[in-house]
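Per the numbering used here, residue 81 is the first one in the sequence shown, and the count goes up by one each step.
I have placed the structure first, in the form of structure tokens, so that the comments after it can refer back to it.
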Amino acid sequence: MTTFQLVLLAFAGIMGWRAWTAFGTARAGHERWTRGLGATQTGVAELVGMADAVRSDLDPGAFRKVVALAGTVEPVPDGDGDGSRPAGLTGTPSVWFRVLEVRLSRGNKGETERQTVGDRRWDRPFRLRDGDATVIVDPRDARVEVRAAEQRQDAHEPDPSDRWDFGVFRMLDPTLSHERTEWRIEPGSRLTVIGQARISGDDVRLAAAPEQPLTLTSTDRSEHLEAGRRNSGSAMRGAVGYGAGALLVLVLVVLL
């Protein structure tokens, strides 16, 4: 086998790997879309009414219903305060936040490389209110789809102690800047919750389960489903394209 054929095989392997990862993304997106499509669109008051009927007539543990609810976020007070916490980047009171820190550095060929150096999350159960009715939402392990609320990029100030000496050669810190992005769910914000509802004491509670993921999104259910359908379709087209390319390269290797 010639060197050129080996290069083609390596290229085919890369394309095959890209096809496989794109297919995995498409499959996961399709599963989320299917779950969202199967969720019952209902109001918070209607869900609480159904739970009350089950609580009085049947075993509360038998109540399992996958629903899509929309309402306003309210923190649940605790011993430390009102149940919210300052978000990590801006200090905005939140019931859930995520702060991602990425280091931008100069690569060997002058290109900009990105490396995640921090990913901090915090969450606390909150109430979702619609009128006089409320349910408890536990955002732990949920898939949260909200727009980035804040992004900051800080120029990197080189520290003389960050240099390494190798005889006459000296390597300087290649860091260019740090980029910090914050996502958050604030009290008073409008939220759509898609997941399994259960009875928990006097409340109805929605939380992630092994076979029933929980999704929190700032869009309504129809927009969420349409975005999921588009993303899944785009990933599947990418998988087909990479797969076809890998197959063509393999055929070329055989014919050479």
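Don't be surprised by glycine CBs; every beta carbon is placed ideally from N, CA and C.
Given the structure is predicted, the values throughout are model-derived calculations rather than measurements.
Short Cβ contact (8 Å threshold) for residue i with residue j
| i | j | result |
| --- | --- | --- |
| ALA125 | ALA213 | yes |
| PRO215 | VAL197 | Looking at the sequence provided, one finds Val at residue 215 rather than Pro. Cβ atoms of VAL215 and VAL197: not closer than 8 Å. |
| ALA106 | SER269 | no |
| VAL179 | GLU262 | yes |
| ALA287 | LEU127 | no |
| LEU88 | LEU332 | yes |
| PRO267 | VAL153 | yes |
| PRO140 | TRP176 | no |
| ARG186 | LEU256 | yes |
| ARG135 | ILE279 | yes |
| LEU184 | THR172 | no |
| LEU330 | ALA92 | yes |
| ALA319 | ALA102 | yes |
Proximal residues to residue i (C-beta, below 7 Å), its chain only, five neighbours per side dropped
| i | result |
| --- | --- |
| GLY325 | MET95 |
| VAL217 | PRO205, PHE206, LEU208, VAL273 and LEU286 |
| GLY123 | ASP210 |
| GLN292 | VAL146, GLY275 and GLN276 |
Own chain partners of residue i with C-beta closer than 8 Å, once the 5 adjacent residues on each side are dropped
| i | result |
| --- | --- |
| VAL248 | The predicted model places VAL248 with a pLDDT of 43, which falls under 50 and marks its position as unreliable; any figure quoted below should be read in that light. Nothing listed; no residue qualifies. |
| ALA315 | ALA102, PHE103, THR105, ALA106 and GLY109 |
| PRO166 | THR172, PRO173 and SER174 |
Presumed contact (8 Å Cβ cut-off) between residue i and residue j, rounded CB distance
| i | j | result |
| --- | --- | --- |
| ALA142 | VAL284 | Not quite, the Cβ-Cβ distance comes to about 14 Å (not below 8 Å), so this is no contact. |
| SER298 | GLU230 | That belief does not hold up - the Cβ atoms of SER298 and GLU230 are roughly 15 Å apart, past 8 Å. |
| GLY151 | ARG201 | With a Cβ gap of about 23 Å, GLY151 and ARG201 do not count as contacting. |
Delimiting residues of the alpha helix (DSSP H) encompassing residue i
| i | result |
| --- | --- |
| SER136 | 124 to 137 |
Cut-off 6 Å between Cβ atoms - residues of its own chain near residue i, not counting five sequence neighbours on either side
| i | result |
| --- | --- |
| ARG232 | ARG260 |
| ALA148 | ALA119, GLN121, ILE274 and ARG301 |
| GLY323 | ALA99 |
| VAL146 | ALA119 and GLN276 |
| ALA235 | SER257 |
Start-to-end residues for the beta strand (DSSP E) that takes in residue i
| i | result |
| --- | --- |
| VAL146 | 145 to 155 |
| ASP212 | From DSSP, ASP212 is part of no beta strand (DSSP E); its letter is neither H nor E. |
| ARG227 | Unbroken run through ARG227: none, as it is neither H nor E. |
Min CB distance residue i to chain C below 8 Å
| i | result |
| --- | --- |
| ALA229 | Absent from the structure: chain C. Only one protein chain is present. |
>> So within the segment 158 to 195, which uninterrupted alpha helix (DSSP H) runs reach at least 4 residues, ignoring any that extend past its ends?
In response: none
> At which residue ranges does the segment 263 to 306 contain complete beta strand (DSSP E) runs of 3 or more residues, listed in the order of the chain?
Replying inline: Here the runs fully enclosed are 270 to 280, 283 to 287 and 295 to 297.
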